[in-house]
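Below: one structure, written as structure tokens.
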Amino acid sequence: MIVDRFPKAKTIEKYYIEWKKERFKTFRNVQIFSILETIFINNKKDTLNLIFVKEKISEYKSIKKLLKNGLRRWIKENNLTDIYTISQKEEWNEDLNKMEIVEYLNRHGNDYLDNLFSNLKKDIELVPFPELEKIQKNSFKVPFNWVFSNDNIEYKEIYENKDYRNQMKSRIDYQKLSQSLIKYKTIYFMDTETYERKWKYFNYLKNIMRKNGINNEIYFTGSYYTQLALKESDIDIYIKTSNEEENFSILQKLGIVFTDLGMKDTNVITDIKTNSRLCKFFDEKENINVDISANFNGLSKNLQLFKIYTQIDERFKILALIIKYWAKQRYIDKGDVIERMINSYTYILLLIFFLQIQQPPILPSSESLQEEINKLNELSTREQQKYNNIEGFKEEKEKEDEILSSITETINFDSNLNTKSIGELLIEFFEYYGFEFQYSENVISPRKGHILSKKEKNWDKCLMAIEDPILYKLNKGGILFPWCFEGIINEFKLTFVKLTEYQMNFFEEICQPVKEINYLPSLVCPPVDINYKRKILEDYVKSLKE
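Take the sequence shown: its position 408, counted from the start at 1, is 408 in the UniProt record's numbering, and no numbers get skipped.
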């Protein structure tokens, strides 16, 4: 069944955005897309460049031949010299694997190319594309809200009005919403039984490493360690090394070991931004993704920070799990160099900052907790190395809970002064990052607990600036592609609208997986169902004729 994702067929005219040069030929100021028998032509600044994409046009060879045989002569023969001029540029020909001269037709005036392909056997209808908006250095705007359209929801300009949003929020029963959110957490979030199963699996991997001569300190880390894991979260393992050379040799060795054991998608990669290496694989039998890191800097202090925050206020843990699940279901948590999204860790940073700026604040700045973080890191590192079985896991957990409780008791901070409910905070979280935060000017800083300017961090050119609370020179939002940034912001807006104006059930309706990927990875066309695409285009062309 084809889902009606675009309530108005005409929105297809603004669906495509500018793509980067690589797999396809360069799209300069103008793009032409031929889907079915329709060629869409976009005119920008009175210049039209004809650039054809092999995968997108059935008449590719005929048009290419037309260009080679002399488009200049063809235009002259058709008495079009007063309207059109010709320019030549070098283009890389993927078919011939070489550079060749391509002629471009530059059009002046407002007439469309009604007769351009008249000498081709097959009739091709020419349809104008509206102008694309210019991409600025630190901002990006898609001409229409394609995230809302994908969910068949109309985006209204009045949503940008704070007073109107307050009216939308005034209709919400926050107590009822909070109860439903807490009710569903047992279904989607990690339980004790799953934690124990993952711990057993960690020790299974640990024993494999020991048998293969890796006798370094090995730690169970990540979301399982902080107890902010979903049921399907990856397992994160950390190996402490003595130098950079050892990092590489250990992970290369593990890559071979786990490949020989039949693990799928085994790969050793380097995270350039954090200068850390990872061995990644998927255990098909256990249905578990595993990330093994190795470095000599010690266990990440971010983990201890998250554990302290869970102890300070229970609302943080519940909201963190809810937001992680939402981002996963909406497919906007793939924070790697291919997908170019932000990851689940970064969404937690967004939540921490949001709770820090509440009045009164619900969480303190990470900078004010350095002493507690260092102390917990030292004690936790010592405790985890003592145990290798499930009884040890339970004993270690109890011991760590005691340590954590004793440390947080000394923190001079009272989160109970803020009495907002889970439901109220969740709605305001989506509102803040969807409508209120000024991404073009400001930095999200959980380290300070207040806004910083992009200028003082020298992060002016990035779309989203999120300062890591421990490695404060690291921008966790710097990985985003422009359309990924725009997509994430609009997902915040869409979720706010669904919760308030439409009052949808968060888990059963809002957190449904997207059936069509909203955010275009580099070099890939929007994956619209071909039959639905046909219907949209036919309707659109029909509307133009009318």
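For every residue, glycine included, the Cβ atom is placed at its ideal position computed from N, Cα and C. Computed from a prediction, not measured in an experiment: that's the story for all the values here.
Own chain, CB closer than 6 Å to K169, minus 5 neighbours either side, in chain order
T500
Should the stretch 417–436 be regarded as contacting the stretch 446–461, the criterion being three or more beta carbon pairs within less than 8 Å?
Segments in contact, no.
Which partner residues of S453 appear in the DSSP bridge assignment?
N442
What are the boundary residues of the alpha helix (DSSP H) that includes V257?
E244 to D260
Taking the continuous alpha helix (DSSP H) assigned at S300, which residues delimit it?
Looking at the DSSP string, S300 is not in any alpha helix (DSSP H), and its letter there is neither H nor E.
F220 lies in the beta strand (DSSP E); which residues open and close that run?
Taken as a continuous stretch (DSSP letters only), the beta strand (DSSP E) holding F220 covers I218 to T221.
When the Cα atoms are used, what is the spatial distance from E160 to I153?
16 Å
Sequence-distant residues of the same chain with beta carbon closer than 8 Å to T408, five excluded per side
I308, Q311, I312 and E372
Whose C-beta lies closer than 6 Å to the C-beta of P364 among residues of the same chain, with five residues either side of it excluded?
Closer than 6 Å at the Cβ level, and outside the excluded window around P364, lie F413.
Per DSSP, cross-strand counterpart(s) of Y238:
Y219 and S293
So G434 packs on I489, CB below 8 Å; how close in whole Å?
6 Å
Under a three-way DSSP split, which group does V514 fall into?
Residue state, collapsed to three classes: coil.
Closest by CA to I235, which one among E196, K461 and T346?
It is E196 whose Cα lies nearest to the Cα of I235.
Three-state secondary structure (DSSP) of T270
strand
Simplified DSSP assignment, three categories, for I411
coil
Does the distance from the C-beta atom of F496 to that of L321 stay below 8 Å?
no
For V290, which residues of its own chain have a beta-carbon under 6 Å away from its beta-carbon, when the five flanking residues on both sides are left out?
Once the five neighbours on either side are set aside, the close Cβ partners of V290 are I235 and F281.
Given a cut-off of 8 Å, decide if I470 and L295 are closer than it, judged by their beta-carbon atoms.
Looking at the sequence itself, residue 295 is Asn, so the reference to Leu does not match. Going by C-beta atoms, N295 is not nearer than 8 Å to I470.
Check L278 in the structure and name its three-state DSSP category.
strand
For Y472 and N297, I'd like the C-alpha separation in whole angstroms.
15 Å
Within a Cβ cutoff of 7 Å, which residues of the same chain sit near E491, ignoring the five residues on either side of it in sequence?
V147, R330 and I332
Grab me the residues of K334's own chain with a C-beta within less than 6 Å of its C-beta, minus the 5 sequence neighbours each way, in chain order.
Cβ neighbours of K334 within its own chain (closer than 6 Å, five residues either side excluded): M341.
Alpha carbon to alpha carbon, what distance is there between Q356 and K324?
19 Å
L228 versus K211 - alpha carbon distance:
31 Å
Which value, in whole angstroms, describes the spacing of the CA atoms of Q503 and K176?
11 Å
For T221, count the other beta carbons within 10 Å of its own beta carbon; 16 or more makes it buried, fewer makes it exposed. Which is it?
The residue in question, T221, is buried, as its Cβ has 16 or more Cβ neighbours within 10 Å.
F354 versus D260 - alpha carbon distance:
45 Å
Just to confirm, does N505 get its C-beta within under 7 Å of one of the non-hydrogen atoms of the ligand FAD?
Within the structure as shown, the ligand FAD is missing, as the structure has no ligands at all.
Span separating the alpha-carbon of L254 from that of G262
12 Å
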